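Here is the structure we will look at.
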Amino acid sequence: MNRADQHERARRFRALHDGSRVLLLPNAWDAGSACMLSELGFSAIATTSGGMAWSLGYADGERTPLPLVLDTVSRMARATPLPLTVDFEAGFGDDPRAVAESVRAVIEAGAVGINLEDGIRHQMLRPIDAAAARIAAAREAALACGLPLFINARIDAWLVDGSACPDEREDERVDETLRRARAYLTAGADGIYPIAATRPGTIMGLCRAIHAPVNVGARPGLPTLAELARLGVARVSTATRLAAVALAAAREAARRMLAGGGFDSLDAGFGYPDMQRLLARPIDSMN
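Numbering of the sequence shown is given in the working numbering, commencing with residue 613 and proceeding in unit increments.
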C-alpha cells in the first residue's frame, strides 16, 4: 500500500467516529475473511487477535510471533480497500520503547488504527501509569510516521477475573474504567473500549462520562445497533465471535460427516466459486 492511500484510509476511518452513526466493525482473521467481509457493505474492517492467532496455530495473548502478525496484517490490508484497524493486544513490547517500535511496524504493514489493551493475560490490570505510557509511546510512533493513527484504548476491567463481573462490583469497575479512560485520553488515545461491559445502564453512563468515542463488544443479548446508538455508543466490534462462528460451523459439518457417513453437511451457501470470484477481482473494483 502506498503512503497516500494509507493516509486516505486513515482519514476515512477517523471520520467514521464522528457520531453520525454507530460504526459496526467486523473482525476478520486472514486476508480471505477480510476480502469477504469487505464485499458486504461494511465501512471498515478490524482484525481479531484470537482468530488470527488460531489461524496461525497459536493461542491468543501475544503468543503469535510479531513477524507473523505483521505479515498477516499486510496481506489483509492488500486484500481490502477499506480502512483496517488492528487488534494489537498490549502492543507487543515489554516497555513503551518496544511498543513504539511494534506500532511503527504495524503502521508499515498497513494499519490505520489499533487497539491497545491494559489487561495482562486476563488476570490483572496493568497499572494505570504504565498502560498510559504505552499509549503515549504508540501516539509518538504514529506521529513520527506522519499517520493519524486511531488508537482505541481497551479497558479490561470486566475481564480480569475471566468473567462478567457480579452486579455488586459494577460500580467499582465503572469507576476504574473512568479513571483509566481519563488517563488514556490524556496520553493520546482517541477512543475507549470497555470490553465486556454489557448492561445498558452501564454503557449509557460510560458514554455520557467519557468525552471520546466509546466502543462495545458485540455478543448475543447485546442491545441492537439502534438501541446502542441511543445509549451513545460510537462503535461496535465483533472481536473473536465471527471467527468462532466460522470454526463452529466447520466443526459441526465435520462432526456430522464423521458420525453419519454422509456429505450433506458440506453444502455451503458461500463456496469455492464465490471466494474465487472475490480474490480474482482487482481490489480497486471493490471501492
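Every residue, glycine too, gets a C-beta built ideally from N, C-alpha and C. All values reported here derive from a predicted model rather than from experimental measurement.
| Query | Result |
| --- | --- |
| Looking only at C-alpha atoms, which of L891, Q618, R633 sits nearest to A754? | Q618 |
| Going by DSSP, what residues sit across from F762 in a beta bridge? | G725 |
| Quick check on L771: does DSSP put it in helix, strand or coil? | coil |
| With DSSP as the reference, identify every bridge partner of L737, one or two as the case may be. | G731 |
| Could you tell me which residues DSSP pairs with I657 in its beta bridges? | L696 |
| Measure the C-alpha to C-alpha separation of P806 and D886 and round it to an integer number of angstroms. | 36 Å |
| Within 10 angstroms of its Cβ, does S632 collect 16 or more other Cβ (buried), or is it exposed? | exposed |
| For I815, which three-state DSSP category applies? | helix |
| Three or more beta-carbon pairs under 8 Å between the region 712-720 and the region 639-657, yes or no? | no |
| Considering only DSSP beta bridges, list what I804 is partnered with. | A765, V826 |
| A769 to L696, Cα distance in whole Å? | 26 Å |
| Quick one: Cα of A830 to Cα of L694, how far? | 20 Å |
| If you check the beta carbons only, do A801 and A765 fall under 8 Å apart? | yes |
| With three or more beta-carbon pairs closer than 8 Å as the criterion, would you say the region 842-853 touches the region 821-829? | yes |
| Give every residue of the same chain whose Cβ lies closer than 6 Å to the Cβ of S877, excluding the five residues on either side of it in the sequence, and list them in chain order. | A865, R868, M869 |
| Could you please give me the residues that DSSP links to V848 through a beta bridge? | L636, V828 |
| Helix, strand or coil: how does DSSP classify Y884 here? | helix |
| Tell me which residues share the same chain as R623 and place their Cβ nearer than 8 Å to its Cβ, disregarding the 5 neighbours each side in the sequence. | P760 |
| Tell me the rounded alpha-carbon separation between P638 and R853. | 9 Å |
| Nearest to I822 by alpha carbon, out of M688, G803, T850, G883? | G803 |
| Using only the alpha-carbon positions, how far apart do L635 and T684 sit? | 24 Å |
| May I ask you to report which of helix, strand or coil DSSP gives W641? | coil |
| With the cut-off set at 8 Å, would you say P708 and A665 are in Cβ contact? | no |
| Give me, in chain order, the residues of the same chain whose beta-carbon lies closer than 8 Å to that of F875; leave out the 5 immediate sequence neighbours on both sides. | M869 |
| How many Å lie between M816 and T798 at the Cα? | 22 Å |
| With distances taken from CA atoms, which of V715, A745, L890 is nearest A756? | V715 |
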